[in-house]
Amino acid sequence: RLSHNTITIYVDYNNKMKTQQHFVAAAASAVIASAPLAHAFTSSNGGCSSCSVTVSRHSPLHMAPSYDSIDAQALLELENRISSVIQSDPSSPLALSLGRHAPSTLSMEEAAAQNGMPWDTTIGRTDEANPLLYMPFWEWQLEFMQDSLSNLHPIDCSTLSDTDVTFKENKEKRARIVNQCYASDEYRKIRMTYYDAGDSVQVFNSVWYPDPKYNLPVLGIDILSFNRKKYLAIVDFQ
146 RLSHNTITIY VDYNNKMKTQ QHFVAAAASA VIASAPLAHA FTSSNGGCSS
196 CSVTVSRHSP LHMAPSYDSI DAQALLELEN RISSVIQSDP SSPLALSLGR
246 HAPSTLSMEE AAAQNGMPWD TTIGRTDEAN PLLYMPFWEW QLEFMQDSLS
296 NLHPIDCSTL SDTDVTFKEN KEKRARIVNQ CYASDEYRKI RMTYYDAGDS
346 VQVFNSVWYP DPKYNLPVLG IDILSFNRKK YLAIVDFQ
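Structural data, given as structure tokens:
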């Protein structure tokens with residue numbers, strides 16, 4: 146049913162759906178199957194950004210709030226159906242809805258060189274021959290990503306409110322921070338951050354967000370130096 150920029154899909158909840166979990170999988174299938182319809186509908190409305198797809202059935206659906214109420218088989222079927230749509234059409238709005246960002250218009254070389262990266266001099270005060278202590282880690286990780294990941298490409302680094310956080314500099318405090326974001330078939334987002342304030346502070350941070358099709362936790366990496374006297378290294382993978 147089409148009305149007020151909304152596509153409502155009615156799923157017949159019959160005796161073959163023995164559990165409410167089966168309805169979840171069936172609803173996902175209905176949404177996936179309706180993707181061409183949704184695209185045609187939104188296109189005919191001039192590319193409506195507020196159009197949505199909803200799934201209903203004739204009687205109320207009451208799902209327990211706990212994650213365990215969805216059995217493993219239902220989850221597997223749901224993930225497989227979503228994955229099949231993404232593989233057949235990576236540009237599908239459904240694919241981007243799973244925590245993914247649209248690819249950047251920049252090439253890998255252009256993205257890696259943004260804001261003068263990799264830096265070879267510090268903005269801060271230093272008495273060291275190698276003031277950018279963790280820049281070799283940045284360069285090694287970028288090379289590792291290019292050699293090891295499939296379909297690696299840059300994505301925009303922005304907040305939920307679309308604020309660009311690619312680069313910020315404070316000349317008075319002699320400090321600067323740069324972010325670069327990438328994605329691949331294996332990871333929906335990899336953010337790399339470098340903070341440079343001379344000998345006072347050097348930080349390399351990276352967060353890896355796996356694609357939902359993998360049952361993996363988020364990987365967080367932090368290495369920090371304070372006044373070249375205190376050092377901290379953290380790896381969080383849980």
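My numbering applies: residue 146 is where the sequence shown begins, and numbers increase by one.
Note that the Cβ used here is the ideal one computed from N, Cα and C, for glycine as well.
- Cβ neighbours of Q291 within its own chain (closer than 8 Å, five residues either side excluded): M253 and L297.
- Nearest neighbour of K313 by Cα position, chosen from L278, A342, E288 and Q383, turns out to be A342.
- With contact defined as three or more Cβ pairs closer than 8 Å, the segment 269 to 279 and the segment 326 to 334 are not in contact.
- For D367, the enclosing beta strand (DSSP E) has its first and last residue at L364 to F371.
- By the criterion of a C-beta distance shorter than 7 Å, R245 is surrounded in its chain by A328 and R333, once the five residues flanking it on both sides are discounted.
- For E273, there is no enclosing alpha helix (DSSP H), as DSSP marks it with neither H nor E.
- When secondary structure is reduced to three states using DSSP, A257 falls in the helix class.
- With distances taken between CA atoms, N315 lies nearest to I268 out of K374, A378, I268 and Q259.
- Contact between the segment 277 to 290 and the segment 301 to 308 is absent, with fewer than three C-beta pairs closer than 8 Å.
- W353: not part of any alpha helix (DSSP H); member of the beta strand (DSSP E) spanning V346 to P355, first to last residue.
- Secondary-structure assignment with DSSP links N315 through a beta bridge to A320.
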